[in-house]
Amino acid sequence: MFQILHGINVDWMRRRRIAYMISGLMMVVSLVSLVSRGGPRYGVDFTGGTLIEVVVSPAPSPDAVRDAMKAGGFPTAEIQQRLDQPEHFIIRLGESKDGADAGPAVLGALKGIREDGSVRIFARETVGPRVGAELRGAAIKAVFLALGLILLYVGIRYDWRYAMGAVLALFHDVFITLGAFSLLDKEVTLTVVAAFLTLAGFSINDKVVVFDRIRERKQSLRRESPEKVMNLGINETLSRTIITNGTVAVTTLALFLFGGDVIHDFSFAMLVGAVIGTYSSLYVASALALELQLRFESAPPRKK
Numbered sequence: 003m004f005q006i007l008h009g010i011n012v013d014w015m016r017r018r019r020i021a022y023m024i025s026g027l028m029m030v031v032s033l034v035s036l037v038s039r040g041g042p043r044y045g046v047d048f049t050g051g052t053l054i055e056v057v058v059s060p061a062p063s064p065d066a067v068r069d070a071m072k073a074g075g076f077p078t079a080e081i082q083q084r085l086d087q088p089e090h091f092i093i094r095l096g097e098s099k100d101g102a103d104a105g106p107a108v109l110g111a112l113k114g115i116r117e118d119g120s121v122r123i124f125a126r127e128t129v130g131p132r133v134g135a136e137l138r139g140a141a142i143k144a145v146f147l148a149l150g151l152i153l154l155y156v157g158i159r160y161d162w163r164y165a166m167g168a169v170l171a172l173f174h175d176v177f178i179t180l181g182a183f184s185l186l187d188k189e190v191t192l193t194v195v196a197a198f199l200t201l202a203g204f205s206i207n208d209k210v211v212v213f214d215r216i217r218e219r220k221q222s223l224r225r226e227s228p229e230k231v232m233n234l235g236i237n238e239t240l241s242r243t244i245i246t247n248g249t250v251a252v253t254t255l256a257l258f259l260f261g262g263d264v265i266h267d268f269s270f271a272m273l274v275g276a277v278i279g280t281y282s283s284l285y286v287a288s289a290l291a292l293e294l295q296l297r298f299e300s301a302p303p304r305k306k
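The sequence shown begins at 3 in the working numbering and counts up by one.
Next comes the structure, spelled out in structure tokens:
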């Protein structure tokens with residue numbers, strides 16, 4: 003099997019306090035961004051409303067489209083120009099109070115931009131507020147259910163300390179990725195939730211490989227300190243971790259740059275998650291398991 007960094011011997015656990023500060027800083031920044039914005043910016047899938055994709059030829063500037071929508075009675079409309087097709091504009095509207103079709107009004111507002119060109123509706127999607135709320139609740143339940151099942155699986159297969167370390171590291175990965183979406187003012191849609199669940203599955207697989215090697219070394223090196231056993235397990239799986247996660251990162255980067263708007267947010271979530279997941283596999287999951295192990299083993303016995 004192809005390997006890199008063969009024979010490396012890094013004392014990862016000695017630097018775990020620095021990793022705690024880095025993780026804490028990233029989570030605080032994510033939390034501040036989410037709180038200041040009133041939570042994630044949910045897409046039409048979760049909030050309800052209408053998404054209309056129009057084709058305006060020749061292509062105007064997004065500001066011209068935004069001004070035309072304001073003049074046409076849509077001051078809160080969100081405008082996004084597709085990078086791969088500049089003539090295509092995605093317009094997000096809130097839920098109509100009277101339930102009227104917003105398509106004709108949008109076309110009427112945009113025809114003033116290109117009197118000598120053409121304006122047409124390319125695609126349209128409408129989600130009611132009740133359906134959006136149900137989808138939002140189901141998505142949140144799905145994420146927490148996945149974390150709970152992972153906690154149960156790792157706890158049965160390994161040890162409760164490894165289970166807690168793995169689940170806290172997964173929460174760390176997903177929360178920081180969500181914070182990246184908030185910092186860049188990106189929408190959280192059903193596609194993004196699918197990326198979060200995919201990220202959780204990919205990340206736990208990486209951590210299980212590391213835990214497997216740590217468990218093997220723990221059985222063969224019973225007299226060694228827990229820190230040395232953890233370092234040995236991480237170093238011996240480091241080549242696999244970098245190759246696997248690096249391949250995922252390069253692939254998702256290509257999708258992010260050249261895949262178009264359809265999978266843009268999905269690939270962004272996976273790209274951020276792959277980078278953060280590699281870091282948490284090396285430090286967060288194993289370091290938290292080590293902290294619990296040291297605290298548990300050093301705790302004085304209970305008096306009867």
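Quick reminder that beta carbons are idealized off the backbone N, C-alpha and C, glycines included.
Taking the Cβ atom as the reference point for each residue, do Arg19 and Tyr285 lie within a distance shorter than 8 Å? Here the question's residue 19 lines up with position 17 in the sequence shown. Here the question's residue 285 lines up with position 283 in the sequence shown. No; because the gap between Cβ atoms is not below 8 Å, this pair is not in contact.
Roughly how many whole angstroms lie between the Cα atoms of Arg84 and Asn11? Locating residue 84 in the sequence shown gives position 82, where the first residue counts as 1. Locating residue 11 in the sequence shown gives position 9, where the first residue counts as 1. Spanning the two alpha carbons is a distance of roughly 48 Å.
Would Val195 pass as a contact of Ala141 if the rule is Cβ separation under 8 Å? As a working mapping, residue 195 is identified with position 193 in the sequence shown. As a working mapping, residue 141 is identified with position 139 in the sequence shown. Taking 8 Å as the Cβ cut-off, Val195 and Ala141 qualify as a contacting pair.
Would you list the one or two residues that DSSP bridges to Leu95? Against the sequence shown, residue 95 aligns to sequence position 93. Answer is Thr52, bridged to Leu95.
Using only alpha-carbon positions, find the residue among Gln87, Gly45, Gly41, Leu109 that is nearest to Gly74. Reading the sequence shown from its first residue, position 72 is the one you call residue 74. That would be Leu109, whose Cα lies nearest to the Cα of Gly74.
What is the residue span of the alpha helix (DSSP H) that Glu218 lies within? The count along the sequence shown starts at 1 and reaches residue 218 at position 216. Counting along the chain, the alpha helix (DSSP H) containing Glu218 begins and ends at 192–222.
Is the stretch 224–243 in contact with the stretch 254–273, if contact means three or more CB pairs nearer than 8 Å? no
Between Arg297, His266, Ile81, Ile245, which has its C-alpha nearest Thr280's C-alpha? The residue labelled residue 280 in the question sits at position 278 within the sequence shown. The option with the nearest alpha carbon to Thr280 is Ile245.
Given this structure, state the Cα-to-Cα distance separating Thr23 from Arg39, to the nearest angstrom. Position 21 of the sequence shown, counted from the first residue, corresponds to residue 23. Position 37 of the sequence shown, counted from the first residue, corresponds to residue 39. The residue asked about is misnamed: residue 23 is Met in this sequence, not Thr. Cα to Cα, the separation comes out at about 24 Å.
Would you call Gln221 buried or exposed, if buried means 16 or more other Cβ atoms sit within 10 Å of its Cβ? In the sequence shown, residue 221 corresponds to position 219, counting from 1. That one is exposed.
Pick from Asp208, Gly45, Leu185, Val37: whose alpha carbon is nearest that of Arg242? Counted from its first residue, the sequence shown places residue 242 at position 240. The residue with the shortest Cα to Cα distance from Arg242 is Asp208.
Taking only three categories from DSSP, how would you classify Thr78? The residue you call residue 78 lines up with position 76 of the sequence shown. Coil, per DSSP.
The stretch 157–170 / the stretch 286–294 touching (three or more Cβ pairs under 8 Å): yes
Comparing C-alpha positions only, which one of Leu180, Glu218, Gly235, Ala289 sits nearest to Met272? On the sequence shown, position 270 is the one that residue 272 refers to. Closest option to Met272, Cα to Cα, is Leu180.
Taking buried to mean at least 16 other C-beta atoms within 10 Å of its own C-beta, is Arg16 buried or exposed? Taking the first residue of the sequence shown as position 1, residue 16 is located at position 14. Arg16 comes out exposed.
Extent of the continuous alpha helix (DSSP H) to which Trp162 belongs: Translated into the one-based positions of the sequence shown, residue 162 becomes position 160. Per DSSP, Trp162 belongs to the alpha helix (DSSP H) from 162–185.
Would you kindly report the start and end of the unbroken alpha helix (DSSP H) that includes Ile10? Position 8 of the sequence shown holds residue 10. Ile10 -> no alpha helix (DSSP H), and no H or E assigned at all.
Roughly how many angstroms separate the alpha carbons of Pro77 and Asp267, rounded to a whole number? Sequence index remark: in the sequence shown, residue 77 carries index 75 (1-based). Sequence index remark: in the sequence shown, residue 267 carries index 265 (1-based). Computed Cα separation, rounded: 26 Å.
Using DSSP's beta-bridge definition, name the partner residues of Ser59. Numbered from its first residue, the sequence shown carries residue 59 at position 57. DSSP lists Ser120 as partners of Ser59.
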